[in-house]
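Down below is the structure, laid out as structure tokens.
2 protein chains.
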Amino acid sequence: MVTNKNCINRLSKYKNALARLKSLGFVKVFSDNLADAIGVTAAQVRKDFSLFGLSGSKRGGYNVDELIKSLNEILGKNKVQKVIIAGAGNIGTALMNYPGFEKEGIQIVAAFDISQDRQIEAKIPVCPLEEMKDFIRKNKIKIGIIAVPDMAAQSVLDLMTASGIEGILNFAPIRLNCSGDCIVNNVNFVFELENLIYHVSGLDKNKGQ
Amino acid sequence: MVTNKNCINRLSKYKNALARLKSLGFVKVFSDNLADAIGVTAAQVRKDFSLFGLSGSKRGGYNVDELIKSLNEILGKNKVQKVIIAGAGNIGTALMNYPGFEKEGIQIVAAFDISQDRQIEAKIPVCPLEEMKDFIRKNKIKIGIIAVPDMAAQSVLDLMTASGIEGILNFAPIRLNCSGDCIVNNVNFVFELENLIYHVSGLDKNKGQ
DNA sequence: TAGATTGTTAATCGATTAACAATC
DNA sequence: TAGATTGTTAATCGATTAACAATC
């Protein structure tokens with residue numbers, strides 16, 4: 052199994068690019084086209100595809116429909132992916148209302164929070180945190196998002212993994228310990244900005260400021 | 052100049068770990084301590100430090116205060132970093148209210164939106180998008196966040212770079228073209244979840260489901 | 001057929017890790 | 001001094017790119 056995050060990421064990008072190309076009337080594409088579309092080399096595209104057993108024909112390139120179908124399968128697009136959110140604060144709420152999930156077959160099915168007066172502007176039910184465990188089990192949820200305050204993040208993760216969650220997207224800016232068959236991806240806004248600050252400071256220094 | 056994103060990221064992690072260690076009373080640390088704290092090898096820590104000219108003493112490790120000071124300088128913590136947001140929708144608002152920025156010296160100074168009835172729950176002024184250019188110039192803002200709908204993202208980027216922005220954090224899930232001395236970091240929630248979906252589907256397959 | 005493109009192998013590049021001399 | 005730790009060089013690992021035979 053390929054675990055390189057950048058590589059999986061490129062599959063998502065290929066998928067998006069192919070949807071665009073299809074809508075433009077493309078029936079087949081060459082590694083060149085896709086490379087240009089997502090900003091990598093043609094060799095990279097062919098290498099990625101061979102890694103996942105995606106093949107084309109020597110002279111005719113890749114069939115757009117087949118490629119989309121295969122990528123969708125790899126990325127779990129053949130069924131609706133149910134996701135829950137822990138934490139109905141600013142970020143949790145933004146994710147509940149995020150318009151980009153639906154057309155990608157990602158469905159936020161519920162949110163959980165200790166505070167109950169948060170039935171605000173979301174179309175999605177916000178339930179007490181105590182109900183999370185049962186909900187995950189009953190609905191066989193595999194993916195959870197952590198958007199609770201730092202202090203609560205580790206215990207929420209423990210609760211999630213104990214209930215059967217296998218993949219977590221964590222927005223709390225602390226290091227979480229995860230045991231067993233569960234992977235955690237972190238999104239850290241401060242780190243993202245610090246990275247930009249580093250680059251910008253470097254730029255300015257080179258200009259002699 | 053080091054451009055490896057993971058490496059810069061580790062600097063942020065070292066900084067955070069050092070703050071914790073300092074609060075626990077540590078005056079000096081060894082590469083070993085920091086390695087454990089952020090989950091890398093001691094060799095990685097020493098390599099990173101040598102890359103940025105951070106040095107310790109052969110037997111006595113690194114001085115915590117000195118290290119914090121140096122890292123703060125590299126990451127631009129010696130002054131308040133002013134950031135603007137384009138787009139006062141769900142994500143933009145969440146970022147305006149994000150509690151983690153202040154203590155890191157990151158200040159969201161203004162948001163801009165085409166729609167004006169968004170003076171909602173934010174402490175930060177939401178201004179018309181037409182005022183963005185002047186604001187960036189007058190206040191010498193170098194960093195901007197794009198949280199507008201996909202359709203508007205490229206034109207907002209062009210506006211930002213034309214006004215003097217040098218670093219952009221983009222939340223719109225499309226590929227943006229950026230010319231010249233400006234770097235763009237992307238945060239894509241769908242990709243993050245698709246990555247998890249891929250891993251989870253793989254896990255389940257191995258279990259024979 | 002001649003030309004173009006894939007699929008794969010080998011080469012390169014970059015990042016991480018191991019090893020160890022220097023030295024506190 | 002003896003022991004422990006840094007700083008750096010060399011080795012390893014992994015990912016990307018180049019090259020090219022196979023072939024449509």
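Residue numbers (the working numbering), protein chains in the order written: chain A, 52 to 260; chain B, 52 to 260.
Using N, Cα and C, we set each Cβ at its ideal position, and we do this for glycine too.
Against chain B, which members of the stretch 75-89 of chain A pass a CB distance test of less than 9 Å? A88 and I89
Run through chain B and tell me which residues come within less than 7 Å of S252/A, C-beta to C-beta. G127
Where does C178/B sit, in a helix, a strand or coil, going by DSSP? strand
Answer yes or no: does any C-beta atom of chain A fall closer than 8 Å to that of S166/B? no
Sequence-distant residues of the same chain with beta carbon closer than 7 Å to K64/A, five excluded per side: I89
Selection from N236/A, C233/A, P224/A and I248/A that minimises the alpha carbon distance to V235/B: I248/A
Name the two residues that bound the continuous alpha helix (DSSP H) containing G143/B. N141 to M147
Using the rule of at least 16 other Cβ atoms within 10 Å of the residue's Cβ for burial, across every protein chain shown, is M52/B buried or exposed? exposed
Starting from L102/A and walking both ways along the alpha helix (DSSP H), at which residues does that stretch end? A93 to L102
For G195/B, does the count of other Cβ atoms within 10 angstroms reach 16, so buried, or fall short, so exposed? buried
Among the residues of its own chain, which have a CB less than 8 Å from the CB of I142/A, if the five just before and after it don't count? A198 and F222
With a CB to CB cut of under 8 Å and the five nearest residues on each side skipped, what residues in its chain are close to A204/A? I197, N221, A223, I225 and L227
Thinking just about the alpha-carbon of each residue, which of D164/B, P176/B, K128/B and V177/B is nearest to the one in E153/B? K128/B
Beta carbons nearer than 7 Å to chain A: which residues of the stretch 209-222 of chain B have them? E217, G218 and L220
Report the rounded CA-to-CA distance for G111/B versus S82/B, giving the unit in angstroms. 11 Å
For L62/B, which three-state DSSP category applies? helix
Can you name the residues of chain A whose CB is closer than 8 Å to the CB of Q132/B? L244 and I248
Would F152/B count as contacting chain A if we go by Cβ distances under 8 Å? yes
State the Cα-Cα distance for the pair F103/B and H250/B, rounded to the nearest angstrom. 35 Å
If we define contact as Cβ-Cβ less than 8 Å, is F240/B a contact residue for chain A? yes
Would you check if there are 3 or more beta carbon pairs closer than 8 Å linking the stretch 155-168 of chain A to the stretch 94-103 of chain A? no
Assign V53/A to one of three DSSP states: helix, strand, or coil. coil
Would you say G218/A and I187/A are within 8 Å of each other, going by their C-beta atoms? no
Out of K133/B, V241/B, K56/B and A145/B, state which residue places its alpha-carbon closest to the alpha-carbon of K287/B. The requested residue 287/B is not part of the displayed model; chain B covers only 52 to 260.
If the cut is a Cβ gap below 7 Å, which residues of chain B does M52/A touch? G253
Specify the secondary structure class of Q260/A as computed by DSSP and reduced to three states. Residue confidence is low: Q260/A scores 47 on pLDDT, short of 50, so the model does not pin down where it sits. Its coordinate-derived value is still stated next. In this structure, Q260/A counts as coil in the three-state DSSP scheme.
Cβ of A203/A less than 8 Å from any chain B Cβ? no
Per DSSP, cross-strand counterpart(s) of S108/B: G112/B
Where P224/A meets chain B, residues with beta-carbon distance less than 7 Å: G151
I'd like to know whether the C-beta of S101/A is nearer than 8 Å to at least one C-beta of chain B. no
Determine, using beta carbons only, whether L227/A comes closer than 8 Å to chain B. no
Taking the alpha-carbon positions, what's the N114/B to L69/B distance? 10 Å
How would you label E182/B, buried or exposed, when you count the other beta carbons within 10 angstroms and need 16 or more for buried? exposed
Would you tell me roughly how many angstroms separate the C-alpha atoms of L85/B and R97/B, rounded to the nearest one? 10 Å
Ends of the alpha helix (DSSP H) at K26/B? Not covered by the structure: residue 26/B. The range shown for chain B is 52 to 260.
Please state whether DSSP places I25/B in a helix, a strand or coil. Because chain B in this structure spans residues 52 to 260, residue 25/B falls outside the shown range and cannot be described.
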